[in-house]
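Undergrad: One structure, pasted below without further comment.
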Amino acid sequence: MEAQDAHAHDQHAHPTPALYLKVALVLFVLTAMEVLAFEAGRGGLGASLRPVFEPIVVLLLVVLSAAKFALVAMFYMHLKQDPRLLANLFVFPLLIAAVIIAALIVLFSYWRAVGAH
Amino acid sequence: MATSVLDHAPAVHAEKTGIWSWITTVDHKRIGILYGTTAFIFFLMGGIEALIMRIQLMKPDNTLVSAELFNSLFTMHGTTMIFLGVMPLSAMFFNYFIPLHIGARDVAFPRLNAFSYWVFLLGGLFINFSFLLNAAPNAGWFGYANLTENTYSPGLNTDFWVLGLQILGIASMAAAINFFVTIVNLRAPGMKMLRMPMFVWMSFITQILLLLAFPVITVALVFLMMDRHFGSHFFLPEGGGDPVLWQHLFWIFGHPEVYILILPAFGIVSEVLPVFSRKPLFGYTAMVFSGAFIAFLGFGVWSHHMFATGMGPFADSFFAISTMLIAVPTGVKIFNWLGTLWGGSLQFKTPLYFAIGMVAMFIIGGLSGVMHASPPADLQQTDTYFVVAHFHYVLFGGSIFGLTAGAYYWFPKMFGRMLHEGLGKLHFWLMLIGFNLTFFPMHFLGLNGMPRRVYTYPAELNLEFWNRIQTWGSLLLGLSFLIFIYNILKTMRRPADAPADPWRGATLEWAIPSPPQEFNFGEVPPVHSSTPVWDLRRASGGQLPEPRRVSGAGIHLPRPSIWPAVTAVGVLGVIGSILFTHAFSHWYFITLSGAAILFYGVYRWAFEPPFPEH
Amino acid sequence: MSHAIPAPHALSEGSQHDSHPTTTGIPSRKVALWTLIGSECLFFASLISTYLVYKGKSLVGPLPHTESQCMLHGKMQTCEHIFEIPLVTTGTAVLLFSSFFIVLALYGAQRGKRKMLVGWLAATVLAGMFFVGMQVYEFQHFYHKGMGYGTNLFSSTFFTLTGFHGSHVTVGVIWLATLLVLAIKGKIPPQKALNLEIAALYWHFVDVVWIVIFPTVYLMR
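Residue numbers (our numbering), protein chains in the order written: chain A, 70 to 186; chain B, 319 to 932; chain C, 568 to 788.
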């Protein structure tokens, strides 16, 4: 980890307002898709779509929100251009957080192994 | 021989004296001393709490203290020793030595550093203030719900505990960010990560654990506070809540917390053993990675504290295996310490005694820990004195012995005087014997069924014999600390004439005068390995000249500031105000006043230039 | 000691000084903020975990997406689902766009374009205030429909999770408003753009947390 010239690093791949606007529009569209998935899953877009979407709503939401998360992190928070250390400072705790969320869901779910209370 | 030669120019940075200079200090060395002194006093309080318990337990059906008071004693003993003892004692060394070890002038955020100390002090005073109201926390240092809910803990006791820990948590979080950034960003040229002293590495990993673990207990404490004051049912079955959720959230914090307690001591031992063996640390890289692995794995074992809650065989097995696995990197460390000593030219001075004592005692504690890892075995051991034995072996035998080694090792650097060797060794032997007399028999008592947290026991259970021995042992322990205190007081009366490098140390702190000048280094020695001062010594033919005190002209240091202390008072006001929700209906005026002080302190801090104009 | 090196300065940031060299080349305040963000991930993870663990376990209503039995005016009555997705979706969109606004403000700050900085920063502050306003309105609406903080597990976990998020947004609004005042006074030249960059990172983080909360709480039945 020797000193880097962060300023020069910046200038190599500098995003423009136009790029930022594109990201904003994609974020908006992804959000709309999330709401549409929700609506489809509960039958708000017609009874025929409901059985298609209901089982996959959670998966769709996870994928869509992950995409939004990544876009904001990489472009708005500049992680794409910034030194890798900063991305690691974000990703590592996120992994631990994900493990804890998953573990607690498993530990409190109804399909625990037989023998639990 | 110490020769303090001042240059002709007068010292630009004459150390200020007087209480205001201490209240406004942002110097990491002074903050370290503040932490250490405060923590030591709290530690003694925790020790007295323990001694009272031990005297009460000396004989069956004893009536020295009531059951209620006993509950407060074990709760406050645990809470004090962990949060007001071991953690801030470690913080003393983080503060004093991390900047020196990496060749920096101070930490990354000196005012934030001061803020951490003031919040710690106020938090410690807050939680102990409860004694004056006869409302000391009394539901165990781990506050299991729903014992800690209103039905079973109606008074202010648990509120003091919950709010006190929240306040202390802020201090720890702020300090963790500070030291993390300092270690990442303020290393001298040549000080690559894999050349840092092992103490810095273990401290670095500790800061990461703090940053990841404390938010979880913060949430748990918020939920408990909401249950107690604002009508929720997070842990109340009558509202659909599950008390076991508290245990999960608490131990997701609590297990990393025990690594937070031990890793700095591991780091200290990794400093002391090489110096007093005149040999480099065996397996530096393995030590780094095993420390990191312990920390990472430490997030995957928490439910081994919950084997008796009926999680089911899958969960039990998972956590049993992960717990057993964590013994492996710990074992690596033990063997590497032995490898460091092996073949070394051992210098039998007090720091070495305590460091070896730490390794030996920790092994014993680790063995009982591995026994706990088996859920069926743990079902017998849990909630008995067997567990009390285990964690005292690792926490006292591990952390306290390690910190004491650090105290003897670094005292000359911090205070410019050598502690008396004879008294040091006496302290060691009394402490070792007293400690083992106190805690080893607890293994027997535990397996014979003596539960934890009981204020007495009937004579028919035949528990008196070992209890009596334990009490005598604890008094011997107390005596050993009196000797330590006497040694310190006696030494502080001597002139400050210790050399810069009394032990032939390897790391950068030994290259500057004892105690260091305010700006630490005039010039940082070159760093080409993890033992820069040994390298210097080798390069100058085995002899290191005594460093001169220089004028420090041209070095600008951050200016002292009152705003960290003011902001700390604001924090106390905001959090402490929750104590009053039942007392009067407009309690939130206290919150608002605290918030006003907090905001004012933050704004003045933010707009104050950190350096004096030059 | 022919290779002795002048010691580094204590602080590696400081708007009043040329930035001091740091080992990583990244200003310390920026590393500090990312460290804080990492830690906050665990904070919100604990809140989200609890929300998910208690999802579907409330003993009484109101419930987010379905009809239920609620205790209203002293007796149990049927009450309808309590979420109003269009309102929250609007707030979500506004918060998302506020991240866009602040990126433009920072772009202006870094290039000395004061009008760009002030304009887009003001837009960000307004967007943040709109979001908080939306949440306050939502909370009040729920309260009037009989959902207090301790009414059931859903209410407690919902209000705690979104309440903490909202208070983080509020802190952000205050922070950004302070910077806006400074920007208007011309006190954020390009050399001090780091001050805004740090605040912007915090702001994006707050947005990112909502990106997780919105589907988890509002769009998962």
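All residues carry an ideal CB built from backbone N, CA and C; glycine is no exception.
Using C-beta distances below 6 Å, list every residue in its chain close to B:Arg546, excluding the 5 sequence neighbours before and after it, in chain order.
TA: On the second sequence, residue 546 of chain B is found 228 positions in, with the first residue counted as 1. So the list reads Asn468, once near-sequence residues are dropped.
Undergrad: Mind pulling the chain C residues with CB within less than 9 Å of A:Ser117?
TA: Within the first sequence, numbered from 1, the residue matching residue 117 of chain A stands at position 48. Near A:Ser117 there are no residues of chain C at all, since even the closest Cβ is about 18 Å away, more than 9 Å.
Undergrad: Taking a contact to mean a Cβ-Cβ separation below 7 Å, would you say C:Ala672 touches C:Leu662 in this structure?
TA: Translated into positions along the third sequence, residue 672 of chain C becomes position 105. Translated into positions along the third sequence, residue 662 of chain C becomes position 95. The answer is no: Cβ separation not under 7 Å.
Undergrad: With H, G and I counted as helix, E and B as strand and the rest as coil, what does DSSP make of B:Met520?
TA: For the purposes of this step, residue 520 of chain B is taken as the residue at position 202 of the second sequence. Of the three classes helix, strand and coil, the one that applies to B:Met520 here is helix, per DSSP.
Undergrad: Against chain A, which members of the region 622 to 652 of chain C pass a CB distance test of less than 8 Å?
TA: Answer set for the region 622 to 652 of chain C: His632 and Ile652.
Undergrad: Which residue's Cα is closest to the Cα of B:Phe746: B:Ile501, B:Gly796, B:Tyr773 and B:Leu599?
TA: Along the second sequence, one-based indexing puts residue 746 of chain B at 428. Closest by alpha carbon: B:Gly796.
Undergrad: From this set, B:Asp815, B:Leu529, B:Val688 and B:Gly872, which residue's C-alpha is nearest C:Leu600's C-alpha?
TA: Here residue 600 of chain C refers to the residue found at position 33 of the third sequence. The candidate whose alpha carbon is nearest that of C:Leu600 is B:Leu529.
Undergrad: Identify each residue in the region 159 to 182 of chain A for which the Cβ-Cβ distance to at least one residue of chain B is less than 9 Å, and report them in chain order.
TA: Answer in chain order: Phe161, Pro162, Ile165, Ala166, Val168, Ile169, Ala172, Leu173, Val175, Leu176, Phe177, Arg181 and Ala182.
Undergrad: Flag B:Phe617 as yes if its beta-carbon sits less than 7 Å from any beta-carbon of chain A, otherwise no.
TA: The count along the second sequence starts at 1 and reaches residue 617 of chain B at position 299. Closer than 7 Å to some Cβ of chain A, the Cβ of B:Phe617 qualifies, so yes.
Undergrad: Determine which residues share a DSSP beta bridge with C:Leu639 and list them.
TA: Here the question's residue 639 of chain C lines up with position 72 in the third sequence. According to DSSP, C:Leu639 bridges with C:Lys642.
Undergrad: Name the chain B residues whose beta carbon is nearer than 7 Å to that of C:Thr591?
TA: Here residue 591 of chain C refers to the residue found at position 24 when the third sequence is read from its first residue. Ordered by position in chain B, the residues that pass the 7 Å Cβ test against C:Thr591 are Val502 and Asn503.
Undergrad: Could you pull the start and end residues of the alpha helix (DSSP H) that B:Met760 belongs to?
TA: Mapped onto the second sequence, residue 760 of chain B falls at position 442. Per DSSP, B:Met760 belongs to the alpha helix (DSSP H) from Pro759 to Leu765.
Undergrad: Cβ closer than 8 Å: which chain A residues qualify as neighbours of C:Ala660?
TA: Translated into the one-based positions of the third sequence, residue 660 of chain C becomes position 93. Those are Phe97 and Thr100, listed as they occur along chain A.
Undergrad: Could you name the residues of the same chain whose beta carbon sits closer than 7 Å to that of B:Ala453, not counting the 5 residues immediately before and after it, in chain order?
TA: For the purposes of this step, residue 453 of chain B is identified with residue 135 of the second sequence, where counting begins at 1. Gly473, Leu474, Asn475 and Phe478.
Undergrad: List the residues that DSSP assigns as beta-bridge partners of B:Gln835.
TA: Working through the second sequence from its first residue, we reach residue 835 of chain B at position 517. B:Gln835 pairs with B:Asn838.
Undergrad: Quick one: Cα of B:Gly720 to Cα of B:Gly609, how far?
TA: Residue mapping note: residue 720 of chain B aligns to position 402 of the second sequence, counting from 1. Residue mapping note: residue 609 of chain B aligns to position 291 of the second sequence, counting from 1. If you take the alpha carbons of B:Gly720 and B:Gly609, they lie about 16 Å apart.
Undergrad: Flag B:Leu530 as yes if its beta-carbon sits less than 7 Å from any beta-carbon of chain D, otherwise no.
TA: Absent from the structure is chain D; the protein chains it does hold are A, B and C.
Undergrad: Less than 7 Å between the beta carbons of B:Gly912 and B:Ser895, yes or no?
TA: Here residue 912 of chain B refers to the residue found at position 594 when the second sequence is read from its first residue. Here residue 895 of chain B refers to the residue found at position 577 when the second sequence is read from its first residue. A contact, by the Cβ cut-off of 7 Å.
Undergrad: Can you pull the DSSP bridge partners for B:Pro730?
TA: On the second sequence, position 412 is the one that residue 730 of chain B refers to. Answer by DSSP bridge pairing: none, since B:Pro730 is not bridged.
Undergrad: Taking 7 Å as the cut-off, decide whether the C-beta atoms of B:Ala818 and B:Pro865 are in contact.
TA: Within the second sequence, the letter at position 500 stands for residue 818 of chain B. Within the second sequence, the letter at position 547 stands for residue 865 of chain B. It is a contact, given that the beta carbons lie within the stated cut-off.
Undergrad: Bridge partners for B:Thr702 per DSSP, in chain order?
TA: Taking the first residue of the second sequence as position 1, residue 702 of chain B is located at position 384. Bridge partners of B:Thr702: B:Pro769.
Undergrad: Between B:Leu481 and B:Ala886, how many whole angstroms is the CB-CB distance? I'm expecting something under 8 Å.
TA: As a working mapping, residue 481 of chain B is identified with position 163 in the second sequence. As a working mapping, residue 886 of chain B is identified with position 568 in the second sequence. That belief does not hold up - the Cβ atoms of B:Leu481 and B:Ala886 are roughly 15 Å apart, past 8 Å.
Undergrad: Just mark B:Leu450 as buried or exposed, buried being the case when its beta carbon has 16 or more other beta carbons within 10 Å.
TA: The residue labelled residue 450 of chain B in the question sits at position 132 within the second sequence. Exposed.
Undergrad: Go through its chain and collect everything with a Cβ distance to B:Trp620's Cβ below 6 Å, but skip five positions before and after it.
TA: Mapped onto the second sequence, residue 620 of chain B falls at position 302. Answer for B:Trp620: Trp569, Ile570 and His573, listed in chain order.
Undergrad: Can a CB atom of chain A be found closer than 7 Å to the CB of C:Val736?
TA: Within the third sequence, numbered from 1, the residue matching residue 736 of chain C stands at position 169. Not an interface residue.
Undergrad: With respect to the alpha helix (DSSP H) encompassing C:Thr602, which residues constitute its N-terminal and C-terminal limits?
TA: Counting from 1 along the third sequence, the entry for residue 602 of chain C is found at position 35. From DSSP, the alpha helix (DSSP H) with C:Thr602 extends over Ser595 to Val620.
Undergrad: With burial defined as no fewer than 16 other Cβ atoms inside 10 Å of the residue's Cβ, what is the status of C:Gln758: buried or exposed?
TA: Counting from 1 along the third sequence, the entry for residue 758 of chain C is found at position 191. The residue in question, C:Gln758, is exposed, as its Cβ has fewer than 16 Cβ neighbours within 10 Å.
Undergrad: If C:Val620 sits next to A:Ile174, beta carbons under 8 Å apart, how far is it from one beta carbon to the other, in whole angstroms?
TA: Numbered from its first residue, the third sequence carries residue 620 of chain C at position 53. Numbered from its first residue, the first sequence carries residue 174 of chain A at position 105. Sure, about 7 Å apart at Cβ, within 8 Å.
Undergrad: Given this structure, state the Cα-to-Cα distance separating C:Ile778 from A:Tyr145, to the nearest angstrom.
TA: As a first step, residue 778 of chain C is located in the third sequence; it is residue number 211 there, counting from the start. As a first step, residue 145 of chain A is located in the first sequence; it is residue number 76 there, counting from the start. In a straight line, the C-alpha of C:Ile778 is about 14 Å away from that of A:Tyr145.
Undergrad: Quick one: what's got a C-beta closer than 7 Å to C:Tyr716's C-beta in the same chain, skipping five residues either side?
TA: On the third sequence, residue 716 of chain C is found 149 positions in, with the first residue counted as 1. Ser722, Ser723 and Phe726.
Undergrad: Quick one: residues in its chain with C-beta nearer than 6 Å to the C-beta of C:Ser569, no 5 flanking neighbours on either side, listed in chain order?
TA: Residue 569 of chain C sits at position 2 when you count from the first residue of the third sequence. At C:Ser569 the pLDDT is 38, less than 50, meaning the model places this residue with poor confidence and gives no usable figure here.
Undergrad: Would you kindly work out how many angstroms separate the C-alpha atoms of B:Phe522 and B:Thr500, rounded to a whole number?
TA: For the purposes of this step, residue 522 of chain B is identified with residue 204 of the second sequence, where counting begins at 1. For the purposes of this step, residue 500 of chain B is identified with residue 182 of the second sequence, where counting begins at 1. So the two alpha carbons sit approximately 9 Å from each other.
Undergrad: Quick one: what's got a C-beta closer than 7 Å to A:Ala136's C-beta in the same chain, skipping five residues either side?
TA: The count along the first sequence starts at 1 and reaches residue 136 of chain A at position 67. Leu99.
Undergrad: In chain A, which residues lie less than 7 Å from C:Ala612 when you measure between Cβ atoms?
TA: Working through the third sequence from its first residue, we reach residue 612 of chain C at position 45. Simply Ala166, Ile169 and Ile170.
Undergrad: If you draw a straight line from the alpha carbon of B:Leu713 to that of B:Thr648, how long is it in whole angstroms?
TA: The residue you call residue 713 of chain B lines up with position 395 of the second sequence. The residue you call residue 648 of chain B lines up with position 330 of the second sequence. So the two alpha carbons sit approximately 15 Å from each other.
Undergrad: Can you tell me whether B:Arg811 is buried or exposed, with buried defined as 16 or more other CB within 10 angstroms of its CB?
TA: As a working note, residue 811 of chain B is residue 493 in the second sequence. That one is exposed.
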